[in-house]
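Asker: Residue numbers (the numbering used here), protein chains in the order written: chain C, 1 to 341; chain U, 1 to 341.
Where a beta carbon is used, it is the ideal one built from N, C-alpha and C, also for glycine.
Note that the structure is predicted; figures quoted are calculated from it, not measured.
Protein chains: 2
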Amino acid sequence: MQLDERKYTILQAIIRNYLETGEPVGSRTISKYTDLNLSSATIRNEMADLEELGYIIQPHTSAGRIPSDKGYRLYVDKMMEEKEREVEEMKGVLLEKEDKMDHLLKQAAKVLAANTEYAAMVSAPQYHRNKLKFIQLSRVDVNQILAVIVVEGNVIKNTMLTVAEELSDETLLKLNILLNTHLNGLSLDEINLGMISALKQQAGIHSDIVSGVVDAVAEAIKADEDLEIYTSGTKNFFKYPELADHERASELITTFEEKQLLSELVQDNLADENSTGIQVYIGSETPVQSMKDCSVVTATYELDEGMKGTIGIIGPKRMDYEKVVKNLKLLKNQLDDLYKK
Amino acid sequence: MQLDERKYTILQAIIRNYLETGEPVGSRTISKYTDLNLSSATIRNEMADLEELGYIIQPHTSAGRIPSDKGYRLYVDKMMEEKEREVEEMKGVLLEKEDKMDHLLKQAAKVLAANTEYAAMVSAPQYHRNKLKFIQLSRVDVNQILAVIVVEGNVIKNTMLTVAEELSDETLLKLNILLNTHLNGLSLDEINLGMISALKQQAGIHSDIVSGVVDAVAEAIKADEDLEIYTSGTKNFFKYPELADHERASELITTFEEKQLLSELVQDNLADENSTGIQVYIGSETPVQSMKDCSVVTATYELDEGMKGTIGIIGPKRMDYEKVVKNLKLLKNQLDDLYKK
DNA sequence: GTTAGCACTCTAAGTAGTTGAGTGCTAACA
DNA sequence: TGTTAGCACTCAACTACTTAGAGTGCTAAC
């Protein structure tokens with residue numbers, strides 16, 4: 001037995017109906033819902049087949065059917081094909097342009113959550129293989145030196161270094177030149193131990209400053225470990241009874257609070273990106289354990305200079321996939337464009 | 001009628017018992033619980049009095065009593081007096097010292113939530129009346145200038161300025177000197193429009209850079225509007241049935257997510273600080289509407305140079321006030337000490 | 001002032017019956 | 001052969017009713 005056109009139409013009707021109501025859907029409903037003009041009995045036969053094929057599930061005898069993960073998957077795949085064909089018009093600016101990146105991304109998460117009525121997350125872009133662009137040491141206080149490190153993509157990192165003895169302006173200038181000459185344009189991989197010890201030797205008694213700066217550089221470039229993730233709309237979990245019981249909600253909320261866990265999602269999305277830049281994880285497909293009863297839809301955005309970030313929606317499996325995909329695409333395009341100017 | 005010793009002992013017994021169980025407590029329980037050796041009937045009489053005085057409430061006829069906000073208030077006030085007398089020993093370091101402030105505070109929130117099993121918040125210190133310490137303009141790219149602004153307390157703010165025409169090293173040096181000479185040591189109030197226009201005039205064709213820097217300075221000093229607040233333990237709300245129903249939990253979680261709302265708490269706490277530095281808001285005493293069914297305990301910590309921040313615990317009214325106060329004091333002291341070195 | 005006793009109240013939990021949506025199966029029909 | 005009508009069956013959800021028990025307020029006695 002295989003899935004013919006009619007079976008798919010019925011499956012689609014079941015899913016659509018279930019997305020709306022959240023209740024198991026019965027044969028009579030489908031019989032009226034579709035324009036197939038089939039009786040409920042015929043639908044029942046088809047539904048029995050669909051269940052055998054694994055696309056729908058019966059929560060208990062004498063209840064209607066609900067879509068299985070496999071059913072959702074089929075539906076989403078077909079839907080994505082169609083969406084791909086449509087040309088997305090980008091009209092209206094959802095986001096007011098703000099000068100600070102984190103404000104912008106926070107706002108993006110809010111907009112996403114508000115538009116979709118699901119929980120939303122936005123990760124700050126990660127700086128892969130990025131290169132050092134500029135280092136600046138300045139005296140701030142008698143024994144305090146501010147090191148400013150700028151990497152490609154204009155990501156700025158500040159570190160305050162405390163020094164034992166006072167440094168003359170001249171020494172500071174020398175150190176600045178030393179560091180900039182040797183380190184600029186290099187990526188993390190290229191800064192090796194030999195280079196560092198050579199630098200230290202040249203810095204003489206100020207080698208501790210070099211150490212401090214190098215450490216700060218390392219931290220600035222490998223930003224992975226404290227990847228910023230902004231979330232919004234956590235309360236939307238409560239809108240869907242299937243997610244709102246104490247245990248599940250508690251887990252989900254913890255996941256949202258401990259951004260650490262969300263970062264797995266980001267990693268997965270960045271690593272394994274398909275052609276459209278949109279990924280859909282249904283139920284147990286998700287890399288994050290606590291979301292196994294949810295669906296997660298993510299998209300990758302890319303600023304110039306190769307910085308990539310992730311935006312995503314987390315909601316019940318019966319989420320309005322069309323709306324979510326549309327919103328993600330919209331935001332993705334906006335973010336893509338925004339910094340290309 | 002007034003509250004004598006015995007009445008207070010009974011009230012205390014009621015509250016302690018209610019804190020443990022979360023169930024209304026009856027006269028028989030108290031009769032056994034205390035070492036007063038009174039029969040349940042006597043307790044009943046006293047309880048009727050306590051109810052009339054407004055310290056306890058009967059959820060419905062034939063249920064035990066639960067403490068009212070007024071009852072909690074009395075209990076907390078007495079408890080605080082006692083705590084004040086005890087000398088708090090500070091032993092064991094809860095927090096590993098980390099170099100970055102935000103890491104430290106995030107960790108602090110986590111520790112607090114984990115220790116108390118309530119929800120915790122920690123606000124980054126606010127920089128009141130702080131003065132400009134240092135300005136540095138550097139060329140990062142042909143037409144991009146990085147402005148680094150350091151204010152008292154070593155709060156650093158970076159802004160990237162785009163310039164139309166290329167600036168010579170000499171011009172940049174002049175601008176640096178100009179800005180530092182005129183602005184260093186000033187607070188926001190002291191930088192007025194006259195001064196700015198004078199600066200612009202001196203900068204000549206580079207007046208737009210001066211504007212950009214001044215804007216960035218203003219933003220760096222008045223940090224109020226995007227006050228950072230770190231939260232942890234949101235899921236703990238679910239541990240207390242009285243907070244865990246959908247509507248209430250949803251509100252609380254939103255409040256925790258929209259740090260904006262929590263900032264009211266911070267403001268209130270900073271403004272109206274009592275002698276011990278610990279504030280307890282019971283039920284409707286809280287400035288944040290969504291927490292009217294909770295109790296909130298906050299403390300103010302102070303780093304050197306007058307930067308103040310707030311730490312707080314949000315939980316059910318029947319929270320273990322002693323434990324919470326102890327934990328807050330502990331953390332407060334650690335934070336107070338940490339940056340005094 | 002304290003206590004024992006008792007009637008009364010109200011919630012929570014359990015039980016039983018009812019309803020209705022939905023199914024699977026069978027037999028008849030086009 | 002595919003479609004349909006009909007029917008018996010199942011099961012969750014709701015309602016009504018009962019019961020148990022915790023707790024109270026009041027009164028009378030100590």
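Kindly indicate if chain C contains any beta-carbon less than 7 Å away from that of Ser211(U).
Answerer: For this step, residue 211(U) is matched to residue 211 along the second sequence. No, Ser211(U) does not count as interfacial toward chain C.
Asker: Can you list, in chain order, the residues of the stretch 105 to 120 of chain U whose Cβ is nearer than 7 Å to any Cβ on chain C?
Answerer: Of all residues in the stretch 105 to 120 of chain U, none has a Cβ within less than 7 Å of some Cβ in chain C.
Asker: Please determine if the stretch 108 to 127 of chain C and the stretch 232 to 251 of chain C are in contact, where contact requires at least 3 C-beta pairs separated by less than 8 Å.
Answerer: Enough Cβ pairs lie closer than 8 Å, so yes.
Asker: Given 8 Å as the limit, is there contact between the stretch 275 to 290 of chain U and the stretch 29 to 41 of chain U, that is, 3 or more CB pairs closer than that?
Answerer: Too few Cβ pairs lie closer than 8 Å, so no.
Asker: Would you mind reading off the limits of the beta strand (DSSP E) that contains Thr298(C)?
Answerer: Working through the first sequence from its first residue, we reach residue 298(C) at position 298. Note, Thr298(C): beta strand (DSSP E), Cys294 to Glu302.
Asker: How is Pro241(C) classed by DSSP in three states: helix, strand or coil?
Answerer: Against the first sequence, residue 241(C) aligns to sequence position 241. Three-state result, Pro241(C): helix.
Asker: Count the other CB atoms, across all protein chains shown, that sit within 10 Å of the CB of Thr61(U); report buried if there are 16 or more and exposed otherwise.
Answerer: The sequence position of residue 61(U) within the second sequence is 61, counting from 1. Classification for Thr61(U): exposed.
Asker: Leaving out five residues before and five after Lys332(U) in sequence, what residues of the same chain have Cβ atoms less than 6 Å from its Cβ?
Answerer: Translated into the one-based positions of the second sequence, residue 332(U) becomes position 332. Correct list, in chain order: Ala299 and Tyr301.
Asker: Can the beta-carbon of Met121(C) be found less than 7 Å from the beta-carbon of Gly312(C)?
Answerer: What you label residue 121(C) is simply residue 121 of the first sequence in a count that begins at 1. What you label residue 312(C) is simply residue 312 of the first sequence in a count that begins at 1. In contact: Met121(C) and Gly312(C) (Cβ atoms closer than 7 Å).
Asker: Return the residues of the stretch 167 to 185 of chain U that lie within a Cβ-Cβ distance of less than 9 Å from chain C, sorted by chain order.
Answerer: Against chain C - using a Cβ distance shorter than 9 Å - the stretch 167 to 185 of chain U contributes no residues.
Asker: Between the Cα of Thr171(U) and those of Ser197(U), Ser207(U) and Asn192(U), spot the shortest distance and give me the residue it belongs to.
Answerer: For the purposes of this step, residue 171(U) is taken as the residue at position 171 of the second sequence. Out of Ser197(U), Ser207(U) and Asn192(U), Ser207(U) has the C-alpha closest to the C-alpha of Thr171(U).
Asker: So is Thr234(U) in contact with chain C if we call contact Cβ pairs under 7 Å?
Answerer: Counted from its first residue, the second sequence places residue 234(U) at position 234. Yes, because at least one Cβ of chain C sits closer than 7 Å to the Cβ of Thr234(U).
Asker: Pull up the CB-CB distance for Leu178(U) and Gln202(U), whole angstroms please, since I reckon it's below 8 Å.
Answerer: Here residue 178(U) corresponds to residue number 178 of the second sequence, with the count starting at 1. Here residue 202(U) corresponds to residue number 202 of the second sequence, with the count starting at 1. Confirmed, Cβ separation roughly 6 Å.
Asker: With distances taken Cα to Cα, identify the nearest neighbour of Ile10(C) among Val150(C), Tyr75(C), Gln136(C) and Ser295(C).
Answerer: Counted from its first residue, the first sequence places residue 10(C) at position 10. With distances taken between Cα atoms, Ile10(C) lies closest to Tyr75(C).
Asker: Comparing the C-beta of Thr254(C) with each C-beta of chain U, is any distance below 7 Å?
Answerer: In the first sequence, the residue the question calls residue 254(C) occupies position 254. Thr254(C) counts as touching chain U.
Asker: Quick one: which chain C residues come within Cβ less than 9 Å of Thr231(U)?
Answerer: Here residue 231(U) corresponds to residue number 231 of the second sequence, with the count starting at 1. Per Cβ cutoff of 9 Å: Glu257.
Asker: Which of the residues in the stretch 132 to 146 of chain C, read from start to end, lie with their CB under 9 Å from any CB of chain U?
Answerer: Cβ contacts with chain U: Lys133, Phe134, Gln136, Ser138, Arg139, Val140, Asp141, Gln144 and Leu146.
Asker: Could you check what DSSP says for Ser39(C) in three-state terms: helix, strand or coil?
Answerer: Your numbering for residue 39(C) matches position 39 in the first sequence. Reduced to three states, the DSSP call for Ser39(C) is coil.
Asker: Can you list, in chain order, the residues of its chain whose CB lies under 8 Å from that of Ile253(C), leaving out five sequence neighbours each side?
Answerer: In the first sequence, residue 253(C) corresponds to position 253, counting from 1. Cβ within range, chain order: Thr234 and Phe237.
Asker: Let me confirm a value: Asn192(C) is counted as buried when at least 16 other C-beta atoms fall within 10 Å, else exposed. Which label applies?
Answerer: What you label residue 192(C) is simply residue 192 of the first sequence in a count that begins at 1. Exposed is the call here.
Asker: Closer than 8 Å by C-beta to Leu342(C): which residues in its own chain qualify, once you throw out the five before and the five after it? Chain order, please.
Answerer: Any question about residue 342(C) goes unanswered here, given that chain C covers just 1 to 341.
Asker: Determine which residues share a DSSP beta bridge with Gln202(C) and list them.
Answerer: Residue 202(C) sits at position 202 when you count from the first residue of the first sequence. None; Gln202(C) has no bridge partner.
Asker: Which residues bound the alpha helix (DSSP H) around Met101(C)?
Answerer: For the purposes of this step, residue 101(C) is taken as residue 101 along the first sequence, with counting starting at 1. That run of the alpha helix (DSSP H) goes Met101 to Thr116.
Asker: Quick check on the DSSP output: the beta strand (DSSP E) that includes Arg139(U) runs from which residue to which?
Answerer: Position 139 of the second sequence, counting from 1, holds the residue named residue 139(U). Leu132 to Asp141 is the extent of the beta strand (DSSP E) around Arg139(U).
Asker: Does Val217(C) come out as helix, strand or coil in the three-state DSSP assignment?
Answerer: Within the first sequence, numbered from 1, the residue matching residue 217(C) stands at position 217. Val217(C): helix per DSSP, three-state reduction.
Asker: Could you give the first and the last residue of the continuous alpha helix (DSSP H) run that contains Thr9(C)?
Answerer: Walking along the first sequence from the start, residue 9(C) turns up at place 9. Unbroken alpha helix (DSSP H) run through Thr9(C): Glu5 to Thr21.
Asker: Would you say Ser263(U) reaches chain C, if we count a Cβ-Cβ gap shorter than 7 Å as a contact?
Answerer: Sequence index remark: in the second sequence, residue 263(U) carries index 263 (1-based). Closer than 7 Å: no.
Asker: Measuring CA to CA, which of Ile149(C), Ile278(C), Tyr55(C) and Ser68(C) is closest to Lys292(C)?
Answerer: Locating residue 292(C) in the first sequence gives position 292, where the first residue counts as 1. It is Ser68(C) whose Cα lies nearest to the Cα of Lys292(C).
Asker: Taking buried to mean at least 16 other C-beta atoms within 10 Å of its own C-beta, is Pro59(C) buried or exposed?
Answerer: Taking the first residue of the first sequence as 1, we reach residue 59(C) at position 59. By the 10 Å Cβ count, Pro59(C) comes out exposed.
Asker: Give the residues of chain C in contact with Ala244(U), contact being defined as C-beta atoms less than 7 Å apart.
Answerer: The residue you call residue 244(U) lines up with position 244 of the second sequence. Per Cβ cutoff of 7 Å: His246.
Asker: Could you check whether Arg65(U) and Met47(U) sit closer than 7 Å to each other, using their CB atoms as the reference points?
Answerer: As a working mapping, residue 47(U) is identified with position 47 in the second sequence. As a working mapping, residue 65(U) is identified with position 65 in the second sequence. Closer than 7 Å, so yes.
Asker: Who does Lys308(C) pair with in a DSSP beta bridge?
Answerer: As a position in the first sequence, residue 308(C) is number 308, starting the count at 1. Its beta-bridge partners are Gln126(C) and Glu302(C).
Asker: Do we get a CB-CB distance below 7 Å when we pair Val148(U) with the residues of chain C?
Answerer: The residue you call residue 148(U) lines up with position 148 of the second sequence. Yes, its Cβ sits closer than 7 Å to a Cβ of chain C.
Asker: Between Lys110(U) and Ala119(U), what straight-line distance do the alpha-carbon atoms span, to the nearest angstrom?
Answerer: Translated into positions along the second sequence, residue 110(U) becomes position 110. Translated into positions along the second sequence, residue 119(U) becomes position 119. Their backbone Cα atoms lie some 9 Å apart in a straight line.
Asker: Tell me the DSSP secondary structure of Met47(U) in three-state form.
Answerer: The residue labelled residue 47(U) in the question sits at position 47 within the second sequence. Met47(U): helix per DSSP, three-state reduction.
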